[in-house]
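Data first, discussion second: the structure below is written as structure tokens.
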Amino acid sequence: MDTRSLDIRPTSFDHPDAVLLNERVQREYDERYEDGGDATVIHPAHFAPPTGLFLLVYDVEGRPVASGGWRTQRAGEEGYADGDAELKRMYVVPEARGRGYARKLLTLLEEDARAAGRARMVLETGDRQPEAIALYASSGYAPALRKFGHYRHYDASRCYVKPLT
């Protein structure tokens with residue numbers, strides 16, 4: 021699919037369409053991990069430019085079909101480094117998968133984080149998300165030497181990094 025003509029919009033994380041997709045991804049996390057979904061604390065302000073960005077993709081009927089964002093992280097107890105941009109809530113609804121939406125979102129988020137002066141993109145996913153792991157590996161992400169984030173102490177957690185500079 022030609023992703024150049026996609027309707028991709030910067031959106032607040034608390035916009036109704038973002039909330040809808042977040043609820044869907046949370047259900048999918050719960051189905052895969054049987055744990056109620058991702059308990060990472062997220063606030064809409066985390067994605068406010070210039071220290072973050074949240075994007076939605078809409079299909080030709082105007083339905084939200086994909087989302088993703090980045091937020092600034094700094095060195096601290098959760099293992100992040102100063103200059104980190106953390107990728108969050110990358111999701112494509114099942115009926116729209118395989119069309120390049122996630123890869124396009126990932127590219128746009130990386131470009132924005134780089135322009136905002138972030139040094140590397142970091143992300144935390146899980147071992148029951150092989151399609152996400154494949155996307156990140158094919159996009160230049162490498163396993164982190166040290167885990168970070170909310171689930172850093174969980175065996176199922178997988179952390180990846182990619183330099184942006």
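Numbering (my numbering), first residue to last: 21 to 185.
For glycine and all other residues, C-beta sits at the position ideal for the given N, C-alpha and C.
Being a predicted model, the structure only gives us computed values, none of them experimental.
1) For the segment 162-179 against the segment 131-146, do three or more pairs of beta-carbon atoms, one drawn from each stretch, fall closer than 8 Å, so that the two count as touching?
2) Quick one: grab the DSSP three-state call for Leu76.
3) Enumerate in chain order the residues of its own chain whose CB-to-CB distance from Arg140 is below 8 Å, with the five nearest sequence positions on each side excluded.
4) With distances taken Cα to Cα, identify the nearest neighbour of Leu76 among Asp50, Gly160 and Ala86.
5) Tell me the residue span of the beta strand (DSSP E) that contains Arg109.
6) Quick one, which of Arg44, Gln46, Asp37 and Glu97 has its alpha-carbon nearest Lys167's?
7) Quick one: what's got a C-beta closer than 6 Å to Pro69's C-beta in the same chain, skipping five residues either side?
8) Report the rounded CA-to-CA distance for Arg123 versus Ser159, giving the unit in angstroms.
9) How long is the line joining the alpha carbons of Val113 and Ala133, rounded to whole angstroms?
Let me spell this out:
1) yes
2) For this step, residue 76 is matched to residue 56 along the sequence shown. It is a strand residue.
3) The residue labelled residue 140 in the question sits at position 120 within the sequence shown. Only Ala101, Gly103, Asp104, Ala105, Val181, Lys182, Pro183, Leu184 and Thr185 meet the Cβ criterion.
4) For this step, residue 76 is matched to residue 56 along the sequence shown. Among Asp50, Gly160 and Ala86, the Cα nearest to that of Leu76 is on Ala86.
5) On the sequence shown, residue 109 is found 89 positions in, with the first residue counted as 1. Annotation: the continuous beta strand (DSSP E) that includes Arg109 extends over Asp104 to Val112.
6) Along the sequence shown, read from residue 1 onward, the residue named residue 167 stands at position 147. The candidate whose alpha carbon is nearest that of Lys167 is Glu97.
7) Counted from its first residue, the sequence shown places residue 69 at position 49. Result list for Pro69: empty, nothing under 6 Å.
8) Locating residue 123 in the sequence shown gives position 103, where the first residue counts as 1. Locating residue 159 in the sequence shown gives position 139, where the first residue counts as 1. Distance between the alpha carbons of Arg123 and Ser159: 8 Å.
9) Looking up residue 113 in the sequence shown gives position 93. Looking up residue 133 in the sequence shown gives position 113. Going by C-alpha positions, Val113 is about 24 Å away from Ala133.
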